[in-house]
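Asks: To start, I am sharing the structure in question, which I have written as structure tokens.
There are 4 protein chains.
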Amino acid sequence: MNLDELTARLHAIRDQNDWRQFHSPKNLAMAASVEMAELVEIFQWLSEDQSRQLPAEKLAHAGQEVGDIVLYLLLLCAELGLDMDAVVRAKLADSERRFT
Amino acid sequence: MNLDELTARLHAIRDQNDWRQFHSPKNLAMAASVEMAELVEIFQWLSEDQSRQLPAEKLAHAGQEVGDIVLYLLLLCAELGLDMDAVVRAKLADSERRFT
Amino acid sequence: MNLDELTARLHAIRDQNDWRQFHSPKNLAMAASVEMAELVEIFQWLSEDQSRQLPAEKLAHAGQEVGDIVLYLLLLCAELGLDMDAVVRAKLADSERRFT
Amino acid sequence: MNLDELTARLHAIRDQNDWRQFHSPKNLAMAASVEMAELVEIFQWLSEDQSRQLPAEKLAHAGQEVGDIVLYLLLLCAELGLDMDAVVRAKLADSERRFT
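Chains as they are written, first to last, in this note's numbering: chain L, 1 to 100; chain Z, 1001 to 1100; chain X, 2001 to 2100; chain B, 3001 to 3100.
Written out as structure tokens, the structure is:
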């Protein structure tokens, strides 16, 4: 996943719509959390087994919500000056130390 | 970000701990949403301006939470058979169509 | 707020629709969290000042989401055998001890 | 549940700690959502059946989180000028119309 390219394209959309004023880290975290709940909503009344066998329409919906979340997290990382790849690798290395 | 490599390392941790039984998409979405709230918590009492100038400790904490969220989303995508890069690109292309 | 009356009416709706099978505490907590995000969504792009002066339509929407959350929490308390009034009072007394 | 009494006691704690400045509806909704996620966290790795039979410690924890959520919602309702009992009753009446 080419994070620099994705971020540049997100910033182009943002700037063309004059949205930067709304993109405080506080607001972007809220927006990401709202998209996350839309992902959770897909699963809320399903059994765990059903969640492993989503029908095509729900699966496509889940993909859209994952996309929304990752895009907001990329915008958030850019505002905070965080490198998503680096923070993900740091957390993964930490889990490897603790759990393997 | 090398999604295949990250996912393989996540699966190694998961399998070494016999966690697959817990990793239904339903549970992974819940877990991701809990990490998301830990990200939101960093910002809840800050003004938008303060959220743009996080002190180093809070910034590091934010990075850890972003890491946790992305890792759970990678596990979720693997369970659902979704390609994170593809769903992110599809959503971005959709936003480009709608907003530019 | 008459919690027993509200809970009895919720259970009547639930039973008439054969929804009890879906009302595990796990699912009810998820559902409440989704409604909570719908409340958060109202505020995500507003400044704090704007959030203090909601237009009538957004205010009505906020009320609906608060209603949804409280109703799911009542269903959850009933499933868990918790008395909402008692747990709220216990938490408030705890805050009084710690912060006053 | 005596909402007026509970709200008055919450406001006493708030004012004694000079917290009103932080209590914008935006922030209170965020704070409530964080407490909600702490409730969800209790259930994230449990099966639905396990969630119906919480051990005493987890049940007490769930009660504390429900308490936190309701208290933040009461503060939010007070800031917005919403009557929690009225909005809950309106939503319940709406569900009765739609589902019974």
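Glycine is no exception: its CB is placed at the ideal position from the N, C-alpha and C atoms.
Could you list which residues in chain X have their beta carbon closer than 7 Å to that of VAL40 of chain L, in chain order?
Replies: The sequence position of residue 40 of chain L within the first sequence is 40, counting from 1. By Cβ distance, chain X contributes MET2030, SER2033 and VAL2034.
Asks: Between which two residues does the alpha helix (DSSP H) harbouring THR1007 of chain Z extend?
Replies: Counting from one through the second sequence, the residue named residue 1007 of chain Z turns up at place 7. First-last of the alpha helix (DSSP H) with THR1007 of chain Z: 1003-1016.
Asks: Starting from ALA2037 of chain X, find everything on chain L with Cβ-Cβ shorter than 7 Å and list it in chain order.
Replies: Residue numbering aside, residue 2037 of chain X sits at position 37 when the third sequence is read from its first letter. The answer, in chain order, is SER33, VAL34 and ALA37.
Asks: With a floor of 3 residues, list each beta strand (DSSP E) that falls wholly inside the stretch 1038-1075 of chain Z, ordered by position along the chain.
Replies: The stretch 1038-1075 of chain Z contains no whole beta strand (DSSP E) run of 3 or more residues.
Asks: Which residue wins for smallest C-alpha separation from LEU3059 of chain B, given the options B:TYR3072, B:LEU3073, B:ILE3069 and B:ILE3042?
Replies: Taking the fourth sequence and counting its residues from 1, one reaches residue 3059 of chain B at position 59. Measuring from the Cα of LEU3059 of chain B, the nearest candidate turns out to be B:ILE3042.
Asks: For ARG3009 of chain B, return the contacting residues in chain X, with the cut-off set at a CB-CB distance below 8 Å.
Replies: What you label residue 3009 of chain B is simply residue 9 of the fourth sequence in a count that begins at 1. LEU2092 and GLU2096, listed in chain order.
Asks: Please state whether DSSP places ASP85 of chain L in a helix, a strand or coil.
Replies: The sequence position of residue 85 of chain L within the first sequence is 85, counting from 1. Note: ASP85 of chain L maps to helix in three-state DSSP.
Asks: Kindly indicate if chain X contains any beta-carbon less than 8 Å away from that of PHE99 of chain L.
Replies: For the purposes of this step, residue 99 of chain L is taken as the residue at position 99 of the first sequence. Not one chain X Cβ lies under 8 Å of PHE99 of chain L.
Asks: Less than 8 Å between the CB atoms is what I'm expecting for VAL87 of chain L and GLN1053 of chain Z, so what's the real figure, rounded?
Replies: Taking the first residue of the first sequence as 1, we reach residue 87 of chain L at position 87. Taking the first residue of the second sequence as 1, we reach residue 1053 of chain Z at position 53. Actually they are not in contact, since the Cβ atoms of VAL87 of chain L and GLN1053 of chain Z sit about 19 Å apart, beyond 8 Å.
Asks: Less than 8 Å between CB atoms is the rule here; does PRO3055 of chain B satisfy it with respect to chain X?
Replies: On the fourth sequence, residue 3055 of chain B is found 55 positions in, with the first residue counted as 1. It does not: the Cβ of PRO3055 of chain B has no partner Cβ on chain X nearer than 8 Å.
Asks: Let me see if you follow: with CB-CB separation under 8 Å, is ASN17 of chain L close to chain X or not?
Replies: Position 17 of the first sequence, counted from the first residue, corresponds to residue 17 of chain L. No, no contact with chain X.
Asks: Among Z:PRO1025, Z:CYS1077 and Z:LEU1092, which has the Cα closest to the Cα of LEU74 of chain L?
Replies: Position 74 of the first sequence, counted from the first residue, corresponds to residue 74 of chain L. Of Z:PRO1025, Z:CYS1077 and Z:LEU1092, the residue nearest in Cα terms is Z:LEU1092.
Asks: Going by alpha carbons, who is nearest to GLN21 of chain L out of Z:ASP1049, Z:MET1030, Z:ASN1017 and Z:VAL1034?
Replies: Within the first sequence, numbered from 1, the residue matching residue 21 of chain L stands at position 21. Ranking Z:ASP1049, Z:MET1030, Z:ASN1017 and Z:VAL1034 by Cα distance to GLN21 of chain L puts Z:ASP1049 first.
Asks: Measuring only the C-alpha atoms, how far is ASP2094 of chain X from LEU10 of chain L?
Replies: In the third sequence, residue 2094 of chain X corresponds to position 94, counting from 1. In the first sequence, residue 10 of chain L corresponds to position 10, counting from 1. Spanning the two alpha carbons is a distance of roughly 45 Å.
Asks: Using 8 Å as the limit for Cβ to Cβ distance, is GLN64 of chain L near chain X?
Replies: The sequence position of residue 64 of chain L within the first sequence is 64, counting from 1. Not one chain X Cβ lies under 8 Å of GLN64 of chain L.
Asks: At a Cβ threshold of 8 Å, is ALA3012 of chain B touching chain X?
Replies: Here residue 3012 of chain B refers to the residue found at position 12 when the fourth sequence is read from its first residue. Chain X contact via Cβ: present.
Asks: Return the CA-CA distance between ALA62 of chain L and HIS1023 of chain Z, expressed in angstroms with no decimal places.
Replies: As a position in the first sequence, residue 62 of chain L is number 62, starting the count at 1. As a position in the second sequence, residue 1023 of chain Z is number 23, starting the count at 1. Roughly 16 Å between the two C-alpha positions.
Asks: Please confirm whether ILE69 of chain L and MET36 of chain L have their CB atoms less than 8 Å apart.
Replies: Taking the first sequence and counting its residues from 1, the one referred to as residue 69 of chain L is at position 69. Taking the first sequence and counting its residues from 1, the one referred to as residue 36 of chain L is at position 36. Contact flag set, yes.
Asks: Under 8 Å, do TYR72 of chain L and LEU6 of chain L count as touching if we go by C-beta distance?
Replies: For the purposes of this step, residue 72 of chain L is taken as the residue at position 72 of the first sequence. For the purposes of this step, residue 6 of chain L is taken as the residue at position 6 of the first sequence. No, Cβ-Cβ distance for TYR72 of chain L and LEU6 of chain L is not below 8 Å.
Asks: Buried or exposed: GLY1081 of chain Z, going by 16 or more other Cβ atoms within 10 Å of its Cβ?
Replies: On the second sequence, residue 1081 of chain Z is found 81 positions in, with the first residue counted as 1. Exposed is the call here.
Asks: By DSSP, does SER3024 of chain B sit in helix, in strand, or in coil?
Replies: The sequence position of residue 3024 of chain B within the fourth sequence is 24, counting from 1. In this structure, SER3024 of chain B counts as coil in the three-state DSSP scheme.
Asks: Flag this pair as yes or no: are the beta carbons of MET84 of chain L and GLN2044 of chain X separated by less than 8 Å?
Replies: By one-based count along the first sequence, residue 84 of chain L stands at place 84. By one-based count along the third sequence, residue 2044 of chain X stands at place 44. Against a cut-off of 8 Å, the Cβ pair of GLN2044 of chain X and MET84 of chain L comes out as no contact.
Asks: Could you check whether the Cβ of ASP1085 of chain Z sits closer than 8 Å to any Cβ belonging to chain L?
Replies: Residue numbering aside, residue 1085 of chain Z sits at position 85 when the second sequence is read from its first letter. With 8 Å as the cut-off, ASP1085 of chain Z counts as an interface residue toward chain L.
Asks: Closest to ALA78 of chain L by CA distance: which of Z:LEU1003, Z:THR1100, Z:VAL1066 and Z:LEU1046 is it?
Replies: As a position in the first sequence, residue 78 of chain L is number 78, starting the count at 1. Checking every option, the nearest Cα to that of ALA78 of chain L belongs to Z:VAL1066.
Asks: Within this structure, are the beta carbons of VAL40 of chain L and VAL2040 of chain X separated by less than 8 Å?
Replies: For this step, residue 40 of chain L is matched to residue 40 along the first sequence. For this step, residue 2040 of chain X is matched to residue 40 along the third sequence. No, Cβ-Cβ distance for VAL40 of chain L and VAL2040 of chain X is not below 8 Å.
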